[in-house]
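Residue numbers (our numbering): 21 to 220.
Glycine is no exception: its CB is placed at the ideal position from the N, C-alpha and C atoms.
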DNA sequence: CCTGCGATTTGCT
DNA sequence: GCAAATCGCAGGC
């Protein structure tokens, strides 16, 4: 627990692919509940799979604002998905948080999901992450530097994680880009890495 | 104005 | 392995 720092706004004001890679191994907490980030995806402004690629709408306006804010959106009529806004203000981009290795408040996560969920399944998907941490549209646009929602720098065994890149999940456009990043060998991912196309 | 579908998860036809 | 659940938006009529 020593030496962990809250990631500053400047961390997010960079290329979105770099941020997506650098977030692997960092810790995400909401009200002290969360874990280590083991899977992310990058979405950039000139990327057909990005919600902001066709201009600003009521839903995606947070992505056009300053970096380090939460972009939460509601999907399939029932799931919330948590993204963190990247690049300088006016350059829409975001990193989707897809999976965590739960470390803090596991019982609180279980109570929001299912009584006897195995740790490997608690946060193994973007909808599950939001559900387990209690994140919804009330977090839309909130900064992540202090207060309730917090990202902490890498600590302990996570200082230099091995990271693999694969195509992103569940999209129909932009599938050639390998902008999904996973902690190699983690048991907490949304799907197995056995899927082809994983590169370092 | 109305219709189709998506950065998903769950429980079973 | 597939269908249901059901919000916001884009595109077509």
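DSSP lists 119 as the beta-bridge partner residues of residue 144.
Bridge pairing for residue 149: absent [DSSP].
Going by DSSP, residue 63 is part of the beta strand (DSSP E) stretching over 53-63. DSSP places residue 124 in the strand class (E or B) of the three-state scheme. Going by DSSP, residue 30 is part of no beta strand (DSSP E) but of the alpha helix (DSSP H) stretching over 29-32. Contact between residue 210 and residue 59 holds: CB atoms are separated by about 6 Å, below the 8 Å threshold. Here residue 114 carries a strand assignment [DSSP, helix/strand/coil]. In the three-state reduction of the DSSP assignment, residue 157 falls in the helix class, which pools H, G and I. Residue 206 carries a coil assignment under DSSP once its states are collapsed to helix, strand and coil.
Distance between residue 93 and residue 78, taken at the CA atoms: about 11 Å. For residue 105, the uninterrupted beta strand (DSSP E) run begins and ends at 99-105, by DSSP. Fewer than three pairs of CB atoms, one per stretch, sit closer than 8 Å, so the stretch 161-172 makes no contact with the stretch 191-202.
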